[in-house]
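Okay, so here's the structure we're looking at.
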Amino acid sequence: GAVVSQHPSWVICKSGTSVKIECRSLDFQATTMFWYRQFPKQSLMLMATSNEGSKATYEQGVEKDKFLINHASLTLSTLTVTSAHPEDSSFYICSAYSGTADHQPQHFGDGTRLSIL
Amino acid sequence: GNSVTQMEGPVTLSEEAFLTINCTYTATGYPSLFWYVQYPGEGLQLLLKATKADDKGSNKGFEATYRKETTSFHLEKGSVQVSDSAVYFCALSYSGTYKYIFGTGTRLKVLA
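As you go down the protein sequences, you meet chains Z and B in turn.
If you count the first sequence from 1, position 96 lands on 217 in our numbering, and the numbers rise without skipping.
If you count the second sequence from 1, position 105 lands on 191 in our numbering, and the numbers rise without skipping.
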């Protein structure tokens, strides 16, 4: 149980295009989803917290207009990297959370490797 | 502020060796503590968790005990296998939000 599917797993696109990444909770309802960015051999950096039906909360230093997050349902959140540039190339990981108490774990997707040429 | 400090890697062990990866934390209140494992090119998988002091989390031969007196949550395994080679992340979830604070991750390489 508690499966999170992330799609696509790998995307390569030209500079200036926009890329959408989907995060779905397959067998549970996710009240909250998180988006992380991970640089090579480094830890995960939280980008934003997404609650169903409300605006995402972005971490300090993360550009809201660059990284658009939509959480339209309890099973789907999307991250759109707008006008992507080579410096946006990274590994993006989502996680989903279904509990109402701190002791519930986050469940992670398998990540999306984004390469901007 | 809240933080997680994890031992630097990489850690290289021979198969069947004993593993310890240190993790200490600072936090207000009573956080929950987690260990996650990341295999190359994949997301994170929950390995084990502990939600209160003296709890021991265990899974697949891995163990960690929530030690409030030393603010630690060290990961141990008695006999590692080549398939345990991965990056291990310690994390805490602090009161009031469901956010995680991650340690920097420790890369483990197990040689046959």
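Each residue gets a CB set at the ideal place from its N, CA and C atoms; glycine is no exception.
Alpha carbons only, please: which of the options is nearest the one belonging to residue i?
| i | options | result |
| --- | --- | --- |
| Gln-227 of chain Z | B:Val-123, B:Lys-163, B:Phe-104, B:Met-93 | B:Val-123 |
| Thr-153 of chain Z | Z:Gly-230, Z:Ser-139, Z:Gly-220, Z:Pro-129 | Z:Gly-220 |
| Thr-112 of chain B | B:Leu-197, B:Ala-198, B:Phe-188 | B:Phe-188 |
| Thr-199 of chain Z | Z:Cys-134, Z:Tyr-157, Z:Val-124, Z:Ile-133 | Z:Tyr-157 |
| Glu-173 of chain Z | Z:Phe-229, Z:Tyr-218, Z:Thr-233, Z:Gln-159 | Z:Tyr-218 |
| Gly-164 of chain B | B:Lys-146, B:Glu-94, B:Ala-136 | B:Lys-146 |
| Thr-190 of chain B | Z:Phe-155, Z:Ile-237, Z:Ser-164, Z:Val-140 | Z:Ser-164 |
| Tyr-152 of chain B | B:Gly-127, B:Glu-102, B:Pro-117, B:Leu-133 | B:Pro-117 |
| Phe-104 of chain B | B:Phe-175, B:Thr-156, B:Leu-161, B:Glu-94 | B:Leu-161 |
Quick one: what does DSSP say residue i is sitting in, helix, strand or coil?
| i | result |
| --- | --- |
| Val-124 of chain Z | coil |
| Val-132 of chain Z | strand |
| Val-202 of chain Z | strand |
| Val-90 of chain B | strand |
| Ser-100 of chain B | strand |
| Glu-143 of chain Z | strand |
| Val-168 of chain B | helix |
| Glu-208 of chain Z | helix |
| Thr-190 of chain B | coil |
| Lys-195 of chain B | strand |
| Phe-159 of chain B | coil |
| Leu-133 of chain B | strand |
| Ala-139 of chain B | coil |
Taking C-beta to C-beta, are residue i and residue j nearer than 8 angstroms?
| i | j | result |
| --- | --- | --- |
| Lys-136 of chain Z | His-206 of chain Z | Reading off the sequence, residue 136 of chain Z comes out as Ser, not Lys. Closer than 8 angstroms, so yes. |
| Leu-99 of chain B | Val-173 of chain B | no |
| Ser-216 of chain Z | Val-125 of chain Z | yes |
| Thr-196 of chain Z | Val-132 of chain Z | no |
| Phe-159 of chain B | Leu-119 of chain B | yes |
Which partner residues does residue i have in the DSSP bridge list?
| i | result |
| --- | --- |
| Asn-108 of chain B | In DSSP, Asn-108 of chain B forms no bridge with anything. |
| Asn-145 of chain B | B:Phe-148 |
| His-228 of chain Z | Z:Ala-217 |
| Phe-155 of chain Z | Z:Thr-170, Z:Ser-216 |
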